[in-house]
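Asker: Okay, so the sequence shown: first residue is 1056 according to this note's numbering, each after it adds one.
The structure is given below, and queries will be raised subsequently.
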Amino acid sequence: MPRTEFDASYYRRFYSSNPVHDRRSVATLASAVHAMCAWWDVPVRSVLDVGAGPGWWRDWYRDQHPDVRIASVDVSEHACREYGHQRRDIAEWAPGRPYDLVVCHGVLHYLDDRRAARAIANLARATRHVLYLEAPTADDLRRVVDRGATDMDVHARTGEWYRSRLGRHFVQAGAGLWVAKKGGVALYELERTR
Ligand SMILES: C[S@@+](CC[C@H](N)C(=O)[O-])C[C@H]1O[C@@H](n2cnc3c(N)ncnc32)[C@H](O)[C@@H]1O
């Protein structure tokens, strides 16, 4: 049962030396995700970063696409004060209007099953077209992640647990990209995983 407090010591521990990703790698990822949205003709006019932490997605959009309306939220009082986000718990909150692109990078594995399921439903409400989601599964935690850099005090769930819930609202395109079923993007059969 994780008891993570997202206070100053958490961000010092996981973001100062040897972070799992850094500003530069997030810039690479953000530019790839933005380009995939463009390929699918998704007009990215608004972006919501959920569990934004240091705010690197928000910063990339502000630098590279200042015309895009970007909102960043986090449950951590420290992160909100330090990095300038709105304080929101994604298990309890969804925005009043959807965003074209929603990012939830490295967040859901901190929530227990009940709260993670509610968070997925709220992410679905929040997403007009595309969700970028990264959350390590039990298998990733066992075999893939760098244990020296990764917070292992998290909820380990199967990929199927996530897929079955996300699949109610999204089509999985792969590489962390999920296309909202209610949006207008039609993927070719071999562009999607199922
Ligand atoms: C591993 S950090 C990821 C930060 C950032 N997304 C990144 O990829 O660098 C996890 C973040 O999720 C936030 N978080 C955890 N539970 C949350 C929740 N229920 N609602 C919103 N944010 C949450 C934490 O405060 C923390 O900033």
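We put the beta carbon where it would ideally sit given N, CA and C, even for glycine.
1) Select from Leu1186, Val1200 and Leu1163 the residue whose C-alpha is nearest the C-alpha of Trp1216.
2) Grouping DSSP H, G and I as helix and E and B as strand, with all else coil, what is Arg1100?
3) Report yes or no: do three or more beta-carbon pairs, one from the stretch 1112-1129 and one from the stretch 1075-1089, lie closer than 8 Å?
4) Between Tyr1165 and ligand 1, is the CB less than 7 Å from at least one heavy atom?
5) If I measure Cβ to Cβ from Arg1124 and keep anything under 7 Å in the same chain, skipping five residues before and after, which residues do I get?
6) Helix, strand or coil for Ala1230? Go by DSSP, reduced to three states.
7) Kindly indicate which three-state DSSP category Tyr1243 falls into: helix, strand or coil?
8) So what's Val1123 in DSSP terms, helix, strand or just coil?
Answerer: Based on what the coordinates show:
1) Leu1163
2) coil
3) yes
4) yes
5) Arg1100 and Ser1101
6) coil
7) coil
8) coil
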